[in-house]
Structure formats: C-alpha cells, structure tokens
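Residues 713 to 925 in our numbering are what the sequence shown lists, from first letter to last.
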Amino acid sequence: MPLKTMFFHSRHLHINEISTIQQLAFVNLPSLRYLNLQNNELTEIVEYTFVDLPSLYHLDLSGNNISLIEEHALGNLTELSTLNLASNPINCDCSVIPFWSLIIERPSIGTSAQCSDGKFVLSLRSAELDKCNPDNCQCFNGGKCITSGDGKVVCDCIGQWTGEFCLDSQCMTYDCGLGNCFVEPINGTAQCVCDNKQPTYCPDSNLCRINSN
713 MPLKTMFFHS
723 RHLHINEIST
733 IQQLAFVNLP
743 SLRYLNLQNN
753 ELTEIVEYTF
763 VDLPSLYHLD
773 LSGNNISLIE
783 EHALGNLTEL
793 STLNLASNPI
803 NCDCSVIPFW
813 SLIIERPSIG
823 TSAQCSDGKF
833 VLSLRSAELD
843 KCNPDNCQCF
853 NGGKCITSGD
863 GKVVCDCIGQ
873 WTGEFCLDSQ
883 CMTYDCGLGN
893 CFVEPINGTA
903 QCVCDNKQPT
913 YCPDSNLCRI
923 NSN
C-alpha cells in the first residue's frame, strides 16, 4: 500500500524481504528525508517508484539484487545527495542509460553503484553507450541496423560482407579471376563461382579450373 502519512522524516524498511515496490508507493511524503531499504530482495526499480519526494536526501538501496533501474524510477528528487547502491549487480548494457544519464547530469548525487562486472557505473563513457543509439548506426554494402539481445544496435551484414560496419570480406583479397567470389555461409570461407560451377579460379569467361575437392 502507498505510504500516505505526511510527516515522516525517516523510514527504516531494511531487512524486510521486500521483493517489489509498486509505482508511486511513496506518495505525499514531503518531509521524508531518509529512506532505508537496505538488505531486501529487490531486483529492479520500476518507473515512478521514487518521485516527488522534495526533501529526500538519503536513499539506501544497498545489499539488494538490483540489476535494472528503469527510466523515471527516480524523479524530482531535488535534494537527493546520497544514493547507496552498494552490493547490487547493475546490468550495464543499454538498459543502464537512463540511470547513467541521471548520475552524470546530477554530480551532486553521491553513489558508488557498480556494474555486475565490478566497473563503476560513473566510469562508463558515452562512447561505450553510443552503440545503443539507432541514430549512430551506419552499415555499408547492404547491411541493416538491428537491435541485438543486449539492446545494442549492430549491423546485420549480407552476402560476403562481415565486420562491425559490413566493410570486411575475404573476397577483397581472394582472386577469382573473371569469376565471382562469395563467402560460403556455413564455414565462412571465400569461394569462386564461374559458369554456375565452384572452381578455385576462373581464368576467363569460358574456362574454369574446377576444384577437384
């Protein structure tokens, strides 16, 4: 149930086996300054969980199992200066961008939040997250931008083309003479095609040296 009492200055809800917090669970608490949710069983903070708490300066979420902090999960917390997220395995794929943006834009918020690999969230650089923005995706040679399982936008290459931007091909250095080169999709090796046959080399348009294998 939402907490609707007006005059709480602190709430200690630590070690309560809390696994979820509903949206707008903390409402009408303009005097709340300290909120302790340490050592519960939270795995994510959904949007609009902590919003419009104008006096909140200390939020302790340490010792949970939080991997995701959704966009708008922390909103209009103008006095927040300490956000304790120690001992939480934050997932630092593309889903971290809203939280990362918040703590970059609000350097007054002190936090030691760490990614699941031990890297500090604050240490992430925009260049590392550029692949999450579809506007930054550019593929060549007929490749298309697609979103991968971790949220990053990558090139889906076609034909002989491979590599991050579909600019690499074994055929660039594989001589087929007057034949056409293609990359065999199963083993990924370059091969020649000449007169609908697969030779090792096509010396002219009428003669193919067929691969004995």
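Glycine is no exception: its CB is placed at the ideal position from the N, C-alpha and C atoms.
A direct Cα-Cα distance of roughly 12 Å separates M884 from Q903. DSSP places S838 inside the alpha helix (DSSP H), whose first and last residues are S838 to L841.
Measuring C-alpha to C-alpha distances from K856 to each of R837, E876 and L841 identifies E876 as the nearest. Following the DSSP letters along the chain, one finds S779 in no alpha helix (DSSP H), marked with neither H nor E. Here V833 is buried. Its C-beta has 16 or more other C-beta atoms within 10 Å. According to the DSSP assignment, I858 belongs to the beta strand (DSSP E) that extends over K856 to T859. Boundaries of the beta strand (DSSP E) harbouring S722: S722 to H724, taken from the DSSP string.
Annotation: C878 to S860 spans about 16 Å, alpha carbon to alpha carbon. Boundaries of the beta strand (DSSP E) around F894: N892 to V895. With a cutoff of 8 Å on beta-carbon distance, S779 and E756 are scored as near each other.
Cβ neighbours of H784 within its own chain (closer than 8 Å, five residues either side excluded): E759, Y760, V763 and P810.
For H724, the closest C-alpha among the options L736, S774 and A839 is that of S774. Beta-bridge partners assigned by DSSP to V739: none are found. The closest CA to that of N803, considering only F852, N796, C827 and E782, is found on C827. For the set L836, N777 and S820, the Cα lying nearest the Cα of L789 is the one of S820.
Of all alpha-carbon atoms in A825, N776 and N796, the one lying nearest the alpha-carbon of N751 is that of N776. If you draw a straight line from the Cα of E729 to the Cα of A798, it is about 17 Å long. Residue pairing for D862: DSSP places it in no beta bridge. Straight-line spacing of the CA atoms in Y746 and D829 works out to 29 Å.
Residue burial is scored here from C-beta neighbours: Q872 has at least 16 other C-beta atoms within 10 angstroms and is therefore classed as buried.
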